[in-house]
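Working notes, structure below.
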Amino acid sequence: MVCETILKEESTAFICESCKKDLKRYGRGFFRAAELPYIDGLFAAFNYIDGIETAIHAFKFKNQPRLSETIGGLLSEELSKYGVLPGFDYIVPVPMHPRKKRQRGYNQSELIARQLGEFLNMEVRTDILKKTRYTRPQSKLKRNDRLHNLEGAFSVSPDVFVEGKRILLVDDVLTTGTTINTCAKILKDKGVNMIYGIVIAIAEK
Ligand SMILES: [Zn+2]
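Mapping to my numbering: the sequence shown position 106 is 107, numbers consecutive.
Set out below in structure tokens:
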């Protein structure tokens, strides 16, 4: 996956032990980030550089949905180093606009959420949060434009009951955090009690 080592046929991960060891771990448990006021705790497994950047890029843009198993496994392994999680009612992936999901064939955050759901034995809900407006990728925008790009882009399904629930929100890469913070805000507007965010990696701003 990173160094092109030919892995053993029975290996479950697409990464060799040496590359895995070299990944830049973010190295802390859930923390509060001042710039993400609607997120009660944030966890990132890695810095978005080197091997993990290569892996996530392939996972998102090179039609390799099966990388979710390796990446989800790495994320779960990092998460397990930091003790007990608060109880969550649901795991919710950051949604993708249906048109974009059709183009890509899958929502990478949803696949990671499913891996986490298995690992944590928690229910994954994709019916709660919807991407209702097609937007340009946040990564292609300047900081100021990122804030406005997502205005009104997400919504909570009218027929779900989320009052008082505790939710773990899953995204792939966090840059400014506008995406998960925006999602968390509209969920809290509907009465969600607590929202933690988890991402595979954090990119330098
Ligand atoms: Zn390697």
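Note that beta-carbon positions come from the ideal geometry of N, C-alpha and C, so glycine has one too.
As the structure is a prediction and not an experimental result, all values here were calculated from the model.
One thing to note: F44 has its Cβ within 8 Å of the Cβ of G30. In this model, I7 and F155 are separated by some 42 Å (Cα to Cα).
Not one heavy atom of ligand 1 sits closer than 7 Å to the Cβ of T176.
In this structure I40 is not in contact with N194, their Cβ atoms being roughly 13 Å apart against a cut-off of 8 Å.
Counted as a single uninterrupted DSSP element, the alpha helix (DSSP H) harbouring P99 occupies residues 99-105.
In this structure, F89 and I201 do not form a Cβ contact; the two beta carbons are roughly 18 Å apart against a cut-off of 8 Å.
Within the chosen limit of 7 Å, ligand 1 reaches the beta carbon of S19 through at least one heavy atom. A straight line joining the alpha-carbon of R126 with that of F162 spans about 12 Å. At a threshold of 7 Å, T55 does not count as near ligand 1, since its beta carbon sits no closer than that to any of the ligand's heavy atoms. Excluding sequence positions up to five before and after K102, its CB lies within less than 6 Å of the CB of N108, all in the same chain and listed in chain order. Listed in chain order, the alpha helix (DSSP H) runs fully inside the region 40-121 are 51-62, 68-80, 99-105, 109-121, counting runs of at least 4 residues. L170 is bridged by DSSP to V93, G198. At least one heavy atom of ligand 1 is found less than 7 Å from the C-beta of T6. Where L130 is concerned, there is no enclosing alpha helix (DSSP H), although the beta strand (DSSP E) around it starts and stops at 130-132.
Bridge partners of V157 according to DSSP: L130. By the criterion of a C-beta distance shorter than 7 Å, V174 is surrounded in its chain by Y49, I57, V200, I201, A202, A204, once the five residues flanking it on both sides are discounted. In the three-state reduction of the DSSP assignment, I203 falls in the strand class. In the structure shown, L37 adopts coil according to DSSP, grouped into three states.
By the neighbour-count criterion, in which a residue is buried when 16 or more other Cβ atoms sit within 10 angstroms of its Cβ, G106 is exposed.
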